[in-house]
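Note sheet for the following structure.
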Amino acid sequence: MVIEEIKKALKERKKRRERENREEEKLQSFRETEEIRKAEAIKKEADRLVQLKQYKTAIEEYSKVLEIYPYNENNENLFRNASDFLFKTFFNTADCYSCLNRFDEAIRHFDKALKINTEDSDNKIKALMGKGNSYYRLKMFIDSVYTGGVYRILTDTGWDKENEEMLAKFKKVDEKQNLIELAYNCFNQVTEIDRNFADAWYNKGHMETKLGRIKEAMLSFDNVVNISKGYENKEGIALFDDIKREKGIEVGQPKVLAEQPKAPDEPLFKTKTGHMVRSKSEKLIADFLFDSNLMFQYNLAVTWADEDNFKAAFYIPQLDLYLEHFKHNDIKDYENLMKWKISQYEKNKKKMVYTVFEDERNIEEALKLKLKPYIML
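Below is the structure:
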C-alpha cells in the first residue's frame with residue numbers, strides 16, 4: 003500500500019515538472035517572439051534606409067535592433083528564428099560600413115555574422131565573400147591613398163580622422179599579414195564549401211595573380227570557365243582571357259580611343275590640392291570638391307573596366323562616386339568615347355555623374371545639382 007502511494011506521488015511530481023517545463027518553454031517562446039517582433043520592425047526600417055543609401059542612419063537602426071535582441075556568443079541554442087535574423091542584422095550592418103569605406107567595421111561585423119551558427123550554408127558564403135571583398139577593397143584603398151597623391155588632402159582637410167586612423171592601422175596589418183592573402187583565405191574557404199560557385203573561384207584566382215601564384219590562378223580560372231563559359235572578366239585580368247581563348251571561347255575587345263583626346267598644346271592647371279589637371283574646367287571641379295571637404299582622387303586607373311588603361315577623371319571615396327567632365331564638342335570620335343565611358347560605368351554598376359561643355363558656364367551650380375542625390379552641399 004505504501005509503495006503504491008509512493009509511486010503515485012512520484013508520478014504526480016513528474017507530471018507537475020513536465021507541466022512546469024512546458025509553461026516555462028511557452029513563456030520563453032513568447033518573450034523571444036515579442037523581442038523578435040519588436041526588433042524586426044526596426045530592422046525593416048533599417049533595410050529601407052539601406053535602399054535609400056542612408057547607410058549611417060541604417061547602422062544606427064541596426065544597433066537598436068541589437069539592443070532589443072542582443073547576441074550572446076555563449077548562447078549556442080538560439081531561438082529557431084533568431085540565428086537567421088541576427089545573421090542578417092550583422093551582415094547588413096557590415097555591408098553598410100563597406101559602402102562607407104569603413105572596412106575595419108565591415109570586417110568586424112562580417113566576423114560577427116560568421117560566428118552565428120545557421121543551417122543555411124549560403125549565409126556563411128555571403129559573409130566570407132563580403133569579408134574577402136572588404137580586405138581587397140581596403141588594400142586598393144590604402145594603395146590609392148598612400149601612393150595616389152590623396153593622403154595629404156585627407157590629412158589637410160580633416161575629412162575623416164577615423165578613416166585616417168583606420169587606414170594607418172590596416173597599412174600595418176598589410177605589412178605584417180598581407181591583405182591580399184587575407185582576402186584569398188576568405189575566397190578559398192568559399193570554394194571549399196561550394197565547389198560550383200564561380201564568383202569565389204574568380205576572386206580566388208584574382209588574388210592568386212596578385213600574389214604571383216600563376217599556376218594556382220590558372221586552375222582557379224579554369225574552374226570558373228568550366229562552371230560558366232560566359233563568365234564576365236570583371237577585373238580585366240589578362241590571364242583569365244588567355245584561359246578562355248585556350249578553350250576556344252571568344253574574348254571581346256572593345257575598339258575605342260585609348261586616351262581621352264587632347265587639344266593641341268593643351269596647358270595644365272594647378273588646383274588648390276596641388277594636382278595638375280588638364281583643363282580649367284577640371285581645375286574648377288577639383289577646387290569645388292576641395293572647398294566642399296570632399297576628398298577625391300584624380301585621373302584614377304581602375305581595374306574593373308574593359309581596357310587596362312581606363313582612367314576615371316575624379317573619384318570621391320566618401321560617396322563611392324565617380325565624376326567625369328566631357329569638355330570637347332568639336333573633336334571627331336569624341337562622342338563615341340563619351341558614350342563608351344558612360345557605358346563602362348553602367349555595365350560595372352558604378353555610381354557616376356558627369357558634366358558637359360554646356361555646364362562650364364556655371365560649373366559649381368551644375369555640380370551641386372548633379373551631386374544632390376548623394377550629398378547636400
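Just so you know, we're using my numbering here: the sequence shown kicks off at 3 and counts up by one. Glycine included, each C-beta is placed from N, C-alpha and C at the ideal position.
Beta-bridge partners of K272 (DSSP): M278. Counting other Cβ atoms within 10 Å of its Cβ, A43 stays below 16 and is therefore classed as exposed. The residues Y233, I245, K246, K249, I251, in chain order, have a CB closer than 8 Å to that of V227 in the same chain once the five nearest residues on each side in sequence are set aside.
Residue nearest to E62 within the set A96, D86, S85 is A96 (criterion: CA-CA distance).
In the DSSP assignment, M220 falls within the alpha helix (DSSP H) that extends over 216–229. 8 Å or more divides the Cβ of F290 from the Cβ of L184. For K351, the closest alpha carbon among the candidates L323, L339, P375, D361 is that of L323. In the structure shown, A307 adopts coil according to DSSP, grouped into three states. I318 carries a strand assignment under DSSP once its states are collapsed to helix, strand and coil.
Residues of the same chain with a CB within less than 8 Å of the CB of F105, apart from the 5 flanking positions on each side, are Y99, S136, Y137, R139, L140, F143, M168, F172 in chain order. The Cβ neighbour count for R280, taken over all protein chains shown within 10 Å, is at least 16; the residue is labelled buried. The stretch 53–119 contains, as complete alpha helix (DSSP H) runs of 4+ residues, the segments 57–70, 84–101, 105–117 (chain order).
Here K313 carries a strand assignment [DSSP, helix/strand/coil]. By the neighbour-count definition (other C-beta atoms within 10 Å, threshold 16), L54 is an exposed residue.
In this model, F271 and K285 are separated by some 6 Å (Cα to Cα).
CA-CA distance, A48 to F199, rounds to 30 Å.
Contact between the stretch 353–368 and the stretch 296–303 is absent: fewer than 3 CB-CB pairs across the two stretches fall below 8 Å. Around the beta-carbon of G276, fewer than 16 other beta-carbon atoms lie within 10 Å, marking it exposed. DSSP, reduced to helix, strand and coil, places N187 within a helical segment of the structure shown. Rounded to the nearest whole angstrom, the C-alpha separation of L221 and K178 is 27 Å. The criterion of a C-beta distance shorter than 8 Å is satisfied by K274 and F292. The C-alpha of N119 lies about 9 Å from the C-alpha of D86. Shown here for F242: same chain residues with a beta carbon closer than 6 Å to its own, the five before and five after excluded, namely F223, N235 in chain order. In terms of CA proximity to R110, L130 leads the group N125, D122, L130. Here E37 is near Y71, since their CB atoms are less than 8 Å apart. Nearest C-alpha to A170 among K212, F112, I216, D145: D145. In this structure, the straight-line span from the alpha carbon of S345 to that of R39 is close to 44 Å. Here F199 carries a coil assignment [DSSP, helix/strand/coil].
S65 sits exposed, since fewer than 16 C-beta atoms from the chains shown fall within 10 Å of its C-beta.
According to the DSSP assignment, E237 belongs to no beta strand (DSSP E), since it is labelled neither H nor E. Within the same chain, Y137, Y138, K141, M209, K212, L213 come within 8 Å of I182 by CB-CB distance, once the 5 residues on both sides are set aside.
Less than 8 Å separates the beta-carbon of K58 from that of L102. Exclusion of the five residues before and after G134 leaves A185, C188, F189, N205 as the residues of its chain whose Cβ lies within less than 7 Å of its Cβ. DSSP, reduced to helix, strand and coil, places M340 within a helical segment of the structure shown. Shown here for Q191: same chain residues with a beta carbon closer than 8 Å to its own, the five before and five after excluded, namely L130 in chain order.
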